[in-house]
Amino acid sequence: MRRQDMEWCVSMPKVELHAHLNGSVRDSTLIELARDLGEKGIIVFSDVENVIRKDDRTLHEVFKLFDLIHILTTDHYTVTRITKEVIEDFASENVVYLELRTTPKRNDSIGMSKRSYMEAVMEGLRSVSSVDVDYAPSGLKTDTSNGTTRKKIYVRFLLSIDRRESTEAAMETVKLALEMRDLGVVGIDLSGNPIVGDWTTFLPALKFAREQGLYITLHCGEVPNQEEIKAMLDFSPQRIGHACCFGEENWRKLKSLKIPVEICLTSNIRTETISSIDIHHFADLHKAKHPLVLCTDDSGVFSTSLSREYSLASSAFGLGKTEMFQLAENAIDFIFADEGVKEDLRAIFEVATERLDL
Ligand code: 6MZ
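Going by my numbering, 17 is the number at position 16 of the sequence shown; the sequence numbering is gapless.
This is how it looks when you write it as structure tokens:
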């Protein structure tokens with residue numbers, strides 16, 4: 002894509018619905034954190050630096066990288082810092098609504114509970130200063146100090162259950178999500194290494210979450226486990242992530258159920274879940290007008306941004322500006338925030354049509 006087209010993708014308002022906090026950390030921050038821990042003798046900096054800078058990673062290697070990232074980021078202060086930076090990064094490329102997901106972590110040795118982890122996340126959100134943040138049903142943080150209208154981003158949270166966890170740990174995450182609803186937690190995600198664990202372990206927690214009115218999105222079909230994919234579709238989550246390795250029957254089922262799919266192009270190519278962009282299932286879903294939304298997954302780990310994902314979709318599948326804008330705007334229908342937010346977002350897109358010459 003030409004440079005001015007990439008600039009256009011940046012200037013377009015966008016909705017991000019599949020971004021993992023620890024996968025979205027800037028490389029420069031990871032390197033800085035690694036250097037600090039290297040100086041303290043906790044890790045060997047040069048080993049870690051090579052891993053962080055490496056570009057091509059299979060799905061298996063990505064999960065090893067996450068274990069490393071968690072060593073670098075998981076203390077309260079750093080969790081606050083990365084949350085602030087990630088929100089500012091998305092806002093700077095005109096993401097107007099961000100559903101950020103993260104796995105609440107417990108680490109007794111540093112006095113971290115799942116709740117205190119999430120409090121550190123919320124602290125990061127409150128410390129964002131480059132943009133106004135609407136983060137709770139009635140909690141717009143507006144800086145009117147100089148009387149001008151500033152850029153604004155809506156942020157909501159999904160709490161992730163890691164497939165390594167137990168039923169009890171998953172239930173704890175769901176209860177925490179319920180307690181933090183007033184702070185903008187809107188749903189639950191199931192993620193983690195897809196070859197680890199059995200998803201039925203989390204069914205009691207997922208069912209409970211749904212009964213209590215939380216929204217649910219599941220990582221579904223990152224590996225070709227057709228039985229699991231079928232059972233996940235039967236569960237009827239409000240959205241699914243990826244949908245890469247579907248057999249024919251499950252593909253038909255997905256389409257007839259019309260479950261919105263969070264598509265992460267660069268992630269799927271980098272992890273070799275999909276061998277090449279020309280055979281990515283985006284094309285088929287888009288042609289069939291299946292509900293879908295372009296997302297980054299892990300913008301730090303895969304060196305991408307939401308604007309790049311749009312630009313990539315445009316060049317790979319021949320989408321024009323109107324189609325890209327339509328795609329971005331359609332995502333409003335699949336967000337987990339309330340009608341009021343949807344209306345605000347529609348108004349933002351409406352205003353943008355004039356600015357973007359559509
Ligand atoms: C499945 C993924 C993922 O939660 O610590 N995660 N799970 N598939 C993927 N595709 C590449 N990318 C990220 O962010 C990192 C965690 O998100 C999940 C993994 O559980 C990873 O440890 P948080 O903020």
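Quick reminder that beta carbons are idealized off the backbone N, C-alpha and C, glycines included. This one's a predicted model, so the numbers in the text were calculated from it and none came from an experiment.
task: Round the Cβ separation of E273 and L295 to the nearest angstrom and send it over; I've been treating them as touching at under 8 Å.
output: Your pair E273 and L295 does not check out as a contact, with CB atoms roughly 20 Å apart and the cut at 8 Å.
task: Using only alpha-carbon positions, find the residue among P14, E89, S237 and V11 that is nearest to L22.
output: Here the closest residue by C-alpha is E89.
- prompt: What's the C-alpha gap between L141 and L31?
  reply: Interpretation of L141 is limited by its pLDDT of 49, a score under 50 that renders its predicted location unreliable; the figure taken from the coordinates is listed afterwards. Roughly 30 Å between the two C-alpha positions.
query: In chain order, which continuous runs of the alpha helix (DSSP H) of length 4 or greater are located wholly inside the stretch 60-127?
result: 60-74, 77-93 and 115-127
field: Alpha carbon of L346 to alpha carbon of E40, nearest angstrom
entry: 46 Å
Range covered by the alpha helix (DSSP H) that runs through S298: The residue asked about is misnamed: residue 298 is Asp in this sequence, not Ser. Element bounds for D298: n/a, residue is neither H nor E.
- prompt: Measuring from the CB of E100, is there a heavy atom of ligand 1 at a distance below 7 Å?
  reply: no
task: Using 10 angstroms around the beta-carbon of V197, count the other beta-carbons present and answer buried if the total reaches 16, otherwise exposed.
output: V197 comes out exposed.
query: Looking at the unbroken alpha helix (DSSP H) that takes in A232, where does it start and where does it end?
result: Q227 to F236
field: Segment limits, alpha helix (DSSP H) that includes H287
entry: From DSSP, the alpha helix (DSSP H) with H287 extends over F283 to K288.
- request: Let me know the secondary structure DSSP gives D6 once reduced to three states.
  value: Correct three-state label for D6: helix.
field: Collapsed DSSP secondary structure at D56 in the structure displayed
entry: If DSSP states are grouped into helix, strand and coil, D56 belongs with coil.
field: Alpha-carbon spacing of L293 relative to G42, whole angstroms
entry: So the two alpha carbons sit approximately 46 Å from each other.
query: Is the CB of E124 under 8 Å away from at least one CB in chain C?
result: Considering every chain present, this structure includes no chain C. It has just one protein chain.
message: Going by DSSP in three states, I154 sits in which element: helix, strand or coil?
response: strand
message: Can you tell me where the alpha helix (DSSP H) holding L258 begins and where it ends?
response: E249 to L258
- request: To the nearest angstrom, report how far apart E169 and A178 are at their CA atoms.
  value: 14 Å
- request: Name the residue from G222, A206, E223 and V224 whose alpha carbon lies nearest to the alpha carbon of Y216.
  value: Checked all of G222, A206, E223 and V224; the closest Cα to Y216 is A206.
query: Within the present structure, is the beta-carbon of S128 separated from the nearest heavy atom of ligand 1 by less than 7 Å?
result: no
query: Which of helix, strand or coil does DSSP assign to L18?
result: strand
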